[in-house]
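Colleague: Under my numbering, the first residue of the sequence shown is numbered 8, with each subsequent residue one higher. Beta carbons: idealized from backbone N, C-alpha and C, even for Gly. In this text the structure is predicted, and so the values were computed from the model without any measurement.
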Amino acid sequence: MTLTISNLSPFKRRSAGSEEIHALLDLLPHPALIASARTGRILFANGPATELSAYTRKELSELDLATLLPGLAPSARGKQASTLIKRNSQPVSVQASLTHLNGNEHWVAIMLETAASAPAATDTAQRWEALHMLSLAAQQPELSSAYRQILQAGALLTGAQHLVLYTPSASGALQVQAVHGSGMDFPATLEAKDVATLRVPKVWQSGRPIESQLQRAAHASKLSYLASTPLDLTHPEAGLLAAADETAAPSEVLLTLLQILGASASAAALNAEVQHAWRRDAARLAEHEQVTAVLREHMQDGVLFVDASLQLTELNMAAEAMLGYSQNEVLQRPVQEVLIGTRTLLPELEMALQNNQVMEVGKRKLLRRDGQEFLALVRIAPIAPQGKLARLAILISDLSEHEAFHLQTLQMSDRAWLGDVAAIFAHEMQNPLNNISTGLQVMQMGLSENDPSHAQLQSMLEDCERLARYMHSMLGVARGRAHQPEPMDIAEFCRQQMARWRVRLQRKNIQDHLHIGEHIPLIMGDAHALEQVFTNLFTNAMQAMSGQERGLLALNVSASGDGMVEVVISDNGPGVPEELRSRIFEAFFTTKGGEGTGLGLSITRRIVMAHKGEITLESFPGGTLFKLRLPVVQN
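#1: Contact between the segment 261 to 279 and the segment 159 to 169 is defined here as three or more beta-carbon pairs at a separation below 8 angstroms; is this criterion met?
#2: Could you check the C-alpha separation between R340 and G331 for me, to the nearest Å?
#3: Going by DSSP, which residues form a beta bridge with E265?
#4: When you compare only the Cα positions, how much space is there between A160 and A290?
#5: State the CB to CB distance for the pair S273 and T254, rounded to an integer number of angstroms; the pair is presumed to be in contact (CB under 8 angstroms).
#6: From which residue to which residue does the alpha helix (DSSP H) around K65 run?
#7: Taking C-alpha atoms, which residue in S444, L454 and S460 lies nearest to R473?
#8: Would you kindly check if the distance between the Cβ of K86 and the Cβ of S60 is under 8 angstroms?
#9: Use the C-beta contact count for R511: other C-beta atoms within 10 angstroms, 16 or more gives buried, fewer gives exposed.
#10: Considering only heavy atoms of the ligand NAD, does any lie closer than 7 angstroms to the CB of K619?
#11: Quick check on the DSSP output: the beta strand (DSSP E) that includes N563 runs from which residue to which?
#12: Would the beta-carbon of V574 fall within 8 angstroms of that of I497?
#13: Looking only at C-alpha atoms, which of L35, L72, W114 and K65 sits nearest to E136?
#14: Have a look at L67 and A195 and give me their C-alpha separation to the nearest angstrom.
#15: Can you check DSSP and say which residues form a bridge with P638?
#16: Report yes if the CB atom of I517 is closer than 8 angstroms to the CB atom of M552, and no otherwise.
#17: Identify the residues that DSSP records as bridge partners of I401: which are they?
#18: Relative to the C-alpha of D89, which candidate in S96, N95 and L76 has its C-alpha closest?
#19: Kindly indicate which three-state DSSP category D458 falls into: helix, strand or coil?
#20: Kindly indicate which three-state DSSP category F633 falls into: helix, strand or coil?
#21: Could you tell me whether the Cβ atoms of M531 and R636 are closer together than 8 angstroms?
#22: Note down, in chain order, each residue of its chain lying with its Cβ closer than 6 angstroms to the Cβ of I117, except the 5 sequence neighbours on either side.
#23: Do you know how far the Cα of M495 is from the Cα of I622?
#24: Going by other Cβ atoms of all chains shown within 10 Å of its Cβ, with 16 needed for buried, is L415 buried or exposed?
#25: Would you kindly work out how many angstroms separate the C-alpha atoms of S189 and E244, rounded to a whole number?
#26: If you drop the 5 nearest sequence neighbours on each side, which residues of the same chain put their C-beta closer than 6 angstroms to that of A185?
#27: Can you tell me where the alpha helix (DSSP H) holding P55 begins and where it ends?
#28: I need the boundaries of the alpha helix (DSSP H) containing S609, first residue and last residue.
#29: Determine the extent of the beta strand (DSSP E) in which L105 is found, giving its start and end residues.
#30: Apart from the five residues on each side of it in sequence, which residues of its chain come closer than 7 angstroms, Cβ to Cβ, to K19?
#31: How should E355 be labelled, buried or exposed, when 16 other C-beta atoms within 10 angstroms of its C-beta is the threshold for buried?
#32: Quick check on the DSSP output: the beta strand (DSSP E) that includes E532 runs from which residue to which?
#33: Does the distance from the C-beta atom of A391 to that of N362 stay below 8 angstroms?
#34: How would you label G607, buried or exposed, when you count the other beta carbons within 10 angstroms and need 16 or more for buried?
#35: Rounding to the nearest angstrom, what Cα-Cα distance links E27 and K395 in this structure?
#36: Measuring only the C-alpha atoms, how far is A359 from Q318?
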């Protein structure tokens, strides 16, 4: 079996000295050495090795393998014949078995056999196997497996038939954790009074007074002896190890071996506890890092981290998008080269560093990479683990959308006020305008058509009519109208609208085209309001195609399958310029100069939205398309 005792005994993990390693080597009956495979220097030797070589331990530790065993390469493996040069230069033929130990030390264990030592080879191999098992116990993934392996190694080292290991339970009593051997009923638990009698290593033999429940069980099983030792002499309540045999007598080194085994068990328990704590902390750290990463990458605020010298060390995706820089571009650059504004942030950053306190900088105007200015809310938070300032976190909230919303709110408030004023104005103007129009008509009736004033009066009447239309539109926008939607056949409604407009379209040399799909469901609509929508859209289409040699106005109705009916009104006019499309539904916006009020499409959209529908514009050179989506009747 390959020997892999990178930590020769569990004591080594507890800063053991060379005496403990020598003690373990002395358990071997054959001459044994441990040397460095790198340097060839002898590190440890047991008693039989000093007897064979006639050197003292100190003298051997000052020798190289090449001096003691010329021709033996420390990097070799397995068995090979060699010659040992004794202190008096006398050569001795030996069989050297080299085993490389695991670990960073690169040690090699060398066991020497002479012709006279052959009968004890089996016993030596057994002890090497025990040491090998003992060294690997702490590496077991489960603590219970480690305990069982330690007891198996203990049986090989001590020759005892029965071994038992006790560890503390939740109640404070010691309970059995591992047992080796059969036929012996060890007590399941040891109470505090039993532990008190076994505070020191001791051997009980048959015929002697019984002091504990454990010894009483050994006596009942007719055992020859029972040896016990606490796992930790300074804390006996930490656990107990016991070994017993039915026939053999206890050896002189039995208690020493039990203490070595107990130390191995303690080391295994400590290793398991450390591994558990490490896994728990690693899981918590991984979770913390994952949460931190998610917050950094998905929070809307920009976050920049700077070190104590105010150089950038990290920034999140929001900061990259906000400022226009990638992280790789700005790492280790001074923060003032990236956070550029009308006022520098250096005084606040230096104060946060000096006082280790959060700084609410407030609103500042900053510049993006492309020079665009935006309003931001800036805060500075120091990061000081264990009270030592490590870096600063600069949090930036982009207020540009908030500012735009605020301006939009002000504009809407102004428009609402203007709407009220316009409604009052339009209402008050109706009567005077009607009087003026009536007076002009009376005057015109008293004149012949050939009179020069007749044409002037006609022009004034047309101006009054246009002004009346303005007043009517303004009142419609300001007052609105309470719609009364009810189930209606939108397909039949569209047929009626096309029939109603067909004569007017033909007068303008515009061809009409109507297509209605199959199984068009009813919609919830106000027929009077929707008639105004069609009037506005048809009027716009006719005006767009005026002057063309031949126009085409198409009306297409279909069920979209998502609970909506789609009505598309299209024409082959010149189209709406791209730069005007985004404003086409704004109130008072017109593309007709002084001919239009700029309210038709605004009123149209308001009516469609009141029906919980949608209206969109698609336009291109040679055509315009208005798409209406209206909800169907729900069961």
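Modeller: To lay it out plainly:
#1: Because the criterion of three Cβ pairs below 8 angstroms is met, the segment 261 to 279 and the segment 159 to 169 touch.
#2: Rounded to the nearest whole angstrom, the CA to CA distance from R340 to G331 is 15 angstroms.
#3: Note that residue 265 is Leu in the sequence shown, not Glu. L265 is not bridged to any residue.
#4: One Cα belongs to A160, the other to A290, and the distance between them is close to 34 angstroms.
#5: For S273 against T254, the beta-carbon gap comes to about 30 angstroms, at or over 8 angstroms, which does not count as contact.
#6: That run of the alpha helix (DSSP H) goes R64 to L67.
#7: Nearest of S444, L454 and S460 to R473, Cα basis: S444.
#8: No, the Cβ-Cβ distance between S60 and K86 is not below 8 angstroms.
#9: Under a 10 Å Cβ-count criterion, R511 is classified as exposed, with fewer than 16 other Cβ atoms of the shown protein chains found around its own Cβ.
#10: Among the ligands in the structure shown, none appear at all, so the ligand NAD cannot be discussed.
#11: Going by DSSP, N563 is part of the beta strand (DSSP E) stretching over G558 to A566.
#12: Result yes, Cβ atoms of V574 and I497 sit closer than 8 angstroms.
#13: Comparing C-alpha distances from E136 to each of L35, L72, W114 and K65 shows the shortest one belongs to L35.
#14: If you take the alpha carbons of L67 and A195, they lie about 49 angstroms apart.
#15: Assignment of beta-bridge partners to P638 by DSSP yields M571.
#16: Yes, the Cβ-Cβ distance between I517 and M552 is below 8 angstroms.
#17: Secondary-structure assignment with DSSP links I401 through a beta bridge to L311 and I387.
#18: Asp is not the amino acid found at residue 89; the sequence shown has Ser there. Per the Cα distances, L76.
#19: Reduced to three states, the DSSP call for D458 is coil.
#20: Strand at F633.
#21: R636 is positioned such that its CB atom lies no closer than 8 angstroms to that of M531.
#22: Hits under 6 angstroms: L40, A103 and L105.
#23: Distance between the alpha carbons of I622 and M495 is about 19 angstroms.
#24: The identity of residue 415 in the sequence shown is Gln, whereas the question assumes Leu. Around the beta carbon of Q415, fewer than 16 other beta carbons lie within 10 angstroms, which makes this residue exposed.
#25: If you take the alpha carbons of S189 and E244, they lie about 26 angstroms apart.
#26: Same-chain partners within the cutoff: Y154, R155, L158 and L172.
#27: Element bounds for P55: G54 to S60.
#28: Here the alpha helix (DSSP H) through S609 covers G607 to A617.
#29: Per DSSP, L105 belongs to the beta strand (DSSP E) from P98 to H107.
#30: The predicted model places K19 with a pLDDT of 40, which falls under 50 and marks its position as unreliable; any figure quoted below should be read in that light. Counting only Cβ-Cβ distances below 7 angstroms, and skipping sequence neighbours, we find nothing.
#31: Buried, since its Cβ has 16 or more Cβ neighbours within 10 Å.
#32: Position check: residue 532 holds Gly in this sequence, whereas Glu was assumed. Taken as a continuous stretch (DSSP letters only), the beta strand (DSSP E) holding G532 covers I530 to G532.
#33: The criterion of a C-beta distance shorter than 8 angstroms is not satisfied by A391 and N362.
#34: Classification of G607: buried, given that the 10 Å Cβ count is 16 or more.
#35: Taking the CA atoms as reference points, E27 sits about 43 angstroms from K395.
#36: A359 and Q318 have their C-alpha atoms spaced approximately 14 angstroms apart.
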